[in-house]
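Enquirer: Chains B and H supply the protein sequences, listed in that same order.
All residue numbers for the first sequence refer to the numbering used here, where the first residue is 47 and numbers rise by one.
All residue numbers for the second sequence refer to the numbering used here, where the first residue is 196 and numbers rise by one.
C-beta: ideal position from N, C-alpha, C; glycine also.
Since this is a predicted model, take the numbers as computed values, not measurements.
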Amino acid sequence: MSIDDSASPPAAATAPLKPRGIRQTMSDLHIWAGLLVGWFLYAMFLTGTVSYFKDELSQWMRPELAHQAVVPDPAVVAQRIVTELATTAAGSPQWSIGLPDARNNTANAFWRKPGVQGRAFESATFDPASGHKVAARDTAGGDFFYRFHFQFHYMPVLWGRWLAGFCAMFMLVAIVSGVITHKKIFTDFFTFRWGKGQRSWLDAHNALSVFGLPFHFMITYTGLVTLMALYMPWGSDTAFKTPAERQQLTAELSAFVQPGKPSGQKAALAPVDAMVRQAQARWGRDNIARVTVVHPGDAAARVSVSRGDEGRASMSPQYLLFDGASGQLLQSKDSVGPAAETRGVLYALHLGRFGDLATRWLYFLVSLAGTAMVGTGLVMWTVKRRQKLPDPDKPYFGFWLVERLNIAAIPGLSIAMAGMLWSNRLLPVDLLKRGEWEVHAFFIVWALTLVHALLRPAKKAWLEQLWLATAVLALLPLLSAFTTQRPFWHSLAAGDGVFVGIELMLWALAALHAMLAIRTSRHAAKLRPARRGAPGRTTATASAGEAA
Amino acid sequence: MIAVLHRARSVGPLVSRIVAAVFGGYALAALVSVAPLALPISKPQAVLTGMLASFAVYAGAVVWVFAVRSARRAWAGLLVAAVPLLLAAWSVRSGSMAP
Numbered sequence: 047m048s049i050d051d052s053a054s055p056p057a058a059a060t061a062p063l064k065p066r067g068i069r070q071t072m073s074d075l076h077i078w079a080g081l082l083v084g085w086f087l088y089a090m091f092l093t094g095t096v097s098y099f100k101d102e103l104s105q106w107m108r109p110e111l112a113h114q115a116v117v118p119d120p121a122v123v124a125q126r127i128v129t130e131l132a133t134t135a136a137g138s139p140q141w142s143i144g145l146p147d148a149r150n151n152t153a154n155a156f157w158r159k160p161g162v163q164g165r166a167f168e169s170a171t172f173d174p175a176s177g178h179k180v181a182a183r184d185t186a187g188g189d190f191f192y193r194f195h196f197q198f199h200y201m202p203v204l205w206g207r208w209l210a211g212f213c214a215m216f217m218l219v220a221i222v223s224g225v226i227t228h229k230k231i232f233t234d235f236f237t238f239r240w241g242k243g244q245r246s247w248l249d250a251h252n253a254l255s256v257f258g259l260p261f262h263f264m265i266t267y268t269g270l271v272t273l274m275a276l277y278m279p280w281g282s283d284t285a286f287k288t289p290a291e292r293q294q295l296t297a298e299l300s301a302f303v304q305p306g307k308p309s310g311q312k313a314a315l316a317p318v319d320a321m322v323r324q325a326q327a328r329w330g331r332d333n334i335a336r337v338t339v340v341h342p343g344d345a346a347a348r349v350s351v352s353r354g355d356e357g358r359a360s361m362s363p364q365y366l367l368f369d370g371a372s373g374q375l376l377q378s379k380d381s382v383g384p385a386a387e388t389r390g391v392l393y394a395l396h397l398g399r400f401g402d403l404a405t406r407w408l409y410f411l412v413s414l415a416g417t418a419m420v421g422t423g424l425v426m427w428t429v430k431r432r433q434k435l436p437d438p439d440k441p442y443f444g445f446w447l448v449e450r451l452n453i454a455a456i457p458g459l460s461i462a463m464a465g466m467l468w469s470n471r472l473l474p475v476d477l478l479k480r481g482e483w484e485v486h487a488f489f490i491v492w493a494l495t496l497v498h499a500l501l502r503p504a505k506k507a508w509l510e511q512l513w514l515a516t517a518v519l520a521l522l523p524l525l526s527a528f529t530t531q532r533p534f535w536h537s538l539a540a541g542d543g544v545f546v547g548i549e550l551m552l553w554a555l556a557a558l559h560a561m562l563a564i565r566t567s568r569h570a571a572k573l574r575p576a577r578r579g580a581p582g583r584t585t586a587t588a589s590a591g592e593a594a
Numbered sequence: 196m197i198a199v200l201h202r203a204r205s206v207g208p209l210v211s212r213i214v215a216a217v218f219g220g221y222a223l224a225a226l227v228s229v230a231p232l233a234l235p236i237s238k239p240q241a242v243l244t245g246m247l248a249s250f251a252v253y254a255g256a257v258v259w260v261f262a263v264r265s266a267r268r269a270w271a272g273l274l275v276a277a278v279p280l281l282l283a284a285w286s287v288r289s290g291s292m293a294p
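This is the structure we're talking about:
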C-alpha cells in the first residue's frame, strides 16, 4: 500500500512536487477495494447469476411437481388459493398470493400471523391445480441462492444486507477506479496474450471487464438501488415524521396495500376471479403478478391485483384496487412520479424479469463474465505477487491466506452449490426441517473445501477442487435419474425444457470446470522443469499455480 | 519510540484517507440524500431522487479522496462539497420545524 503521501522522497520538498500519477493511485485503489471484499463479491456475483434462473432451479428441486406445459389461468388459481387460505390462514388480516406463470409452476402465498402485532408472517407454496399446499419435498429451491446473494445466511437479515451493500459499494469504487486505471480501454479489449502468464491473466481480466462494463456498472448500481431505502434512510427520515406520511413514499414503491382498520362488520369476500379477470383484460391473461387481500371477511376488505413483469421494464407498482365485499373497482394505479419510475426501471434492470428467454440467457452469460472478472482479479493478485516472493514455497502469511481463500471461494463455491443440489436429491424426504438441512449442506461442503484448501499445497488444491467440481456437476443429472421419476431421457421425450435445460447446463458447467482443470495442470506440468533450471523465474512460471 | 512515531507518520495519512473515504464519503452521500428536499418537487420524489443519486456521489467521493495529492486536500474537498448540501439540508430541517 503506497498511497500515503509522507513517504514521498525528501527531494520532493525542493523540486516541484511530483505526485504519483492518477493511474497509479487509482490502480492501488482498484486492487485494494477489489481484494478486501473480492471473495464476498465473487459469491454474490455467482449466486446472483444463478438467480436469473431461480424459478427454473426451484422447479428442478421439486421434481414431484409435474412439468407445466400450459400456464393455468391466473383467475382460476387465485380463486382456488383464496378459498384455501380462508381455512389455512383464517383470521389473518392480510394475505398475499404470488401466481404461477410461464416460469413458475407453483403459487406462493404469505400472510400476516393472526393475532400478532407487528411484522410476523407465515408462508407456504401451493399447487395451482389443487389449491392445496404442494406435496413436494421441503426445499428453499433456487430462492436460497437468490436470498444469499444479497443477505447471506446465518446472520440477521439486516446485517447481511448491510454487508452486501458495503461490498457493492466497494465494487462500484473498483469499477470506477478500474476504468480510470485503464489507459487504452478500447485497444486493450482487442488484446489477448494467451499463455503468457500474468499478461494473460491481465488480458482475461480486462476483456471480461470491458466486454461487460456497462452491465457490471449497471448491475452494481442497481443492486444498491434495490436496497437504497435501507442504506440511505436520511431523506425519508427527514421528510416523513409519521407512518401516515411515510405511506406517501411506500405507495410509490410497492403494490403492498397496508391494512387499515377493519370495520368489525362481517361480509363475505366477493369472487376474486372476477377481479383478476378485469386485470387480465388490461394487462393480458398471463400478466398478473400478485393478488393481495386485506381484512378478508370484513366489510372493509380490500383486494389488490398487481401487474406482472411482461411488457415493461419497470418494477413500479401498477395495480387495481377492489372493494373486497362488493367487488367494485376502487382505484387503478397506473403510474408513479418520475423519480419513482426511474427507481422502478433501475430495479427491473437488476432483476431482468421483464426479459424473454433470450434476454435471460444474455443476462446469465454477461453476469457469468462478471463473476469471472472478479475471479480473475482475485487470482491476479497472487500471480503478480508470486514473482516477487523470496521463496515461493514459504510465502508470507497474507499471500498464503489470499491464495487459500481464492481456492475455497472459486472452485470451492462451485462444489458447495452442486453439493446443495446433491443434498436436494439425497436427503430423506421426511427429514425434519429438510429445507434447512439442504442449506446447511451447502455451508458444510463449502467449509470442507476451505479446510482442504488450507491443508493441501495450493496447486494441488486448485486441481483437486476443479476436478471435484467437474465430477459433482457432471454426475448430478445421473443422480437425479436414479433418485427421481424424471431422468434426462424422459424429460427430453416429454419436451420438458426446464429439466432438460438445467441438466444440460450442469454438464456445460462441468465441462467449463474440466477445461479450467486441464489448463491448470498443463501449465503446471509444462513449467515445472523450467523452474528447476532457471531460478530467475519467468512470468509464465509464476502463474503456473493459479492458471485456473 | 521513534520508530513507532515514524510508523504513525507514514501510516497516518493513509488511515486518514480511508476514514475520509468510508465515513466522509458516506456522510456526503447522506447529505445528498437529504438535500433534494429543498427542491420544489413533491416529497416522495425528492426523497427518491436523493437516494438514487447518493451512491454515485459516494463512489465519486471515494475516488476523489484517493486521487488528490494529500489527505488534507481530500478532507478539504469533502467539506467544500458538503457546505451547499448542508445549507440545503438545514433549510429543509428548519422549514419542517416551522409551524
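DSSP three-state label for B/PHE400, please.
Expert: Here residue 400 of chain B refers to the residue found at position 354 of the first sequence. It is coil, neither helix nor strand.
Enquirer: Since B/GLY144 is in the beta strand (DSSP E), which residue starts that stretch and which ends it?
Expert: What you label residue 144 of chain B is simply residue 98 of the first sequence in a count that begins at 1. From DSSP, the beta strand (DSSP E) with B/GLY144 extends over 140-144.
Enquirer: Is it buried or exposed for B/ARG532, if we count other Cβ within 10 angstroms and need 16 for buried?
Expert: On the first sequence, position 486 is the one that residue 532 of chain B refers to. It counts as buried.
Enquirer: With distance defined between alpha-carbon atoms, name the residue in H/ALA216, H/ALA224, H/VAL199, H/VAL206 nearest to H/VAL278.
Expert: Taking the second sequence and counting its residues from 1, the one referred to as residue 278 of chain H is at position 83. Among H/ALA216, H/ALA224, H/VAL199, H/VAL206, the Cα nearest to that of H/VAL278 belongs to H/ALA224.
Enquirer: Would you report the Cα separation of B/ARG399 and B/LEU218, rounded to the nearest angstrom?
Expert: Position 353 of the first sequence, counting from 1, holds the residue named residue 399 of chain B. Position 172 of the first sequence, counting from 1, holds the residue named residue 218 of chain B. Their Cα atoms are separated by approximately 23 Å.
Enquirer: Return the bridge partner residues of B/GLN377 from the DSSP annotation.
Expert: In the first sequence, residue 377 of chain B corresponds to position 331, counting from 1. Answer is B/LEU367, bridged to B/GLN377.
Enquirer: Taking Cβ to Cβ, would you say B/THR495 is nearer than 7 Å to B/ALA556?
Expert: Sequence index remark: in the first sequence, residue 495 of chain B carries index 449 (1-based). Sequence index remark: in the first sequence, residue 556 of chain B carries index 510 (1-based). Cβ distance not < 7 Å, so B/THR495 and B/ALA556 don't count as in contact.
Enquirer: Within this structure, are the beta carbons of B/PHE194 and B/THR93 separated by less than 7 Å?
Expert: Position 148 of the first sequence holds residue 194 of chain B. Position 47 of the first sequence holds residue 93 of chain B. In this structure, B/THR93 lies closer than 7 Å to B/PHE194 by Cβ.
Enquirer: Would DSSP call B/ALA313 helix, strand or coil?
Expert: Start at 1 with the first residue of the first sequence, and residue 313 of chain B comes out as number 267. Looking at B/ALA313 - three-state DSSP - the assignment turns out to be coil, as it is neither helix nor strand.
Enquirer: Near B/ALA175, which residues of its chain fall below 8 Å by C-beta distance, leaving aside the five closest residues on each side in sequence?
Expert: As a working mapping, residue 175 of chain B is identified with position 129 in the first sequence. Excluding sequence neighbours, B/ALA175 sits near PRO118.
Enquirer: Could you tell me whether the Cβ atoms of B/ARG336 and B/GLY144 are closer together than 7 Å?
Expert: For this step, residue 336 of chain B is matched to residue 290 along the first sequence. For this step, residue 144 of chain B is matched to residue 98 along the first sequence. Their beta carbons are under 7 Å apart, which means B/ARG336 touches B/GLY144 by this criterion.
Enquirer: Count the other C-beta atoms from every protein chain shown that fall within 10 angstroms of the C-beta of B/TRP535, then say buried if there are 16 or more, exposed otherwise.
Expert: In the first sequence, residue 535 of chain B corresponds to position 489, counting from 1. Per the 10 Å Cβ criterion, exposed.
Enquirer: What residue range does the alpha helix (DSSP H) around H/ALA203 cover?
Expert: Locating residue 203 of chain H in the second sequence gives position 8, where the first residue counts as 1. Counting along the chain, the alpha helix (DSSP H) containing H/ALA203 begins and ends at 197-214.
Enquirer: Which residue's Cα is closest to the Cα of B/GLY458: B/HIS251, B/ARG207, B/GLN433, B/ILE490?
Expert: On the first sequence, residue 458 of chain B is found 412 positions in, with the first residue counted as 1. Residue B/ILE490 is the option with its Cα nearest to B/GLY458.
Enquirer: Using a Cβ-Cβ distance under 7 Å, would H/GLY245 count as near chain B?
Expert: Residue mapping note: residue 245 of chain H aligns to position 50 of the second sequence, counting from 1. Yes, contact with chain B.
Enquirer: I need the boundaries of the alpha helix (DSSP H) containing B/THR134, first residue and last residue.
Expert: Here residue 134 of chain B corresponds to residue number 88 of the first sequence, with the count starting at 1. Element bounds for B/THR134: 120-134.
Enquirer: Would you say B/MET264 lies against chain H (beta-carbon separation less than 7 Å)?
Expert: In the first sequence, residue 264 of chain B corresponds to position 218, counting from 1. Answer no: the Cβ-Cβ gap between B/MET264 and chain H never drops below 7 Å.
Enquirer: Could you tell me how far apart the beta carbons of B/LYS379 and B/TYR365 are, in whole angstroms, since I believe they sit closer than 8 Å?
Expert: On the first sequence, position 333 is the one that residue 379 of chain B refers to. On the first sequence, position 319 is the one that residue 365 of chain B refers to. Yes, B/LYS379 and B/TYR365 are in contact; Cβ-Cβ is about 5 Å, under 8 Å.
Enquirer: On the DSSP bridge list, what partners appear for B/ARG353?
Expert: Within the first sequence, the letter at position 307 stands for residue 353 of chain B. Its beta-bridge partners are B/ILE334.
Enquirer: Could you give the first and the last residue of the continuous beta strand (DSSP E) run that contains B/GLU168?
Expert: Counting from 1 along the first sequence, the entry for residue 168 of chain B is found at position 122. From DSSP, the beta strand (DSSP E) with B/GLU168 extends over 167-172.
Enquirer: Among B/GLN70, B/GLY80, B/SER300, which has the Cα closest to the Cα of B/MET419?
Expert: Numbered from its first residue, the first sequence carries residue 419 of chain B at position 373. Minimum Cα distance to B/MET419 is reached at B/GLY80.
Enquirer: Please name the residues in the region 270-281 of chain B whose beta-carbon is closer than 9 Å to at least one beta-carbon of chain H, in chain order.
Expert: Against chain H - using a Cβ distance shorter than 9 Å - the residues of the region 270-281 of chain B are LEU270, VAL271, MET274, ALA275, TYR277, MET278, PRO279, TRP280, GLY281.
Enquirer: Shortest alpha-carbon distance to B/GLY370 belongs to which of B/ALA347, B/ARG389, B/GLU510?
Expert: Within the first sequence, residue 370 of chain B is the residue found at index 324, counting from 1. Among B/ALA347, B/ARG389, B/GLU510, the Cα nearest to that of B/GLY370 is on B/ALA347.
Enquirer: What does H/TRP285 pair with, by DSSP beta-bridge criteria?
Expert: For the purposes of this step, residue 285 of chain H is identified with residue 90 of the second sequence, where counting begins at 1. In DSSP, H/TRP285 forms no bridge with anything.
Enquirer: Sort out for me which residues DSSP pairs B/TRP157 with in a bridge.
Expert: Working through the first sequence from its first residue, we reach residue 157 of chain B at position 111. Partner(s): B/TRP141, B/GLU168.
Enquirer: In chain order, what residues of the same chain lie with their CB nearer than 7 Å to the CB of B/ALA527, ignoring the 5 residues before and after it?
Expert: Reading the first sequence from its first residue, position 481 is the one you call residue 527 of chain B. PRO533, PHE534, listed in sequence order.
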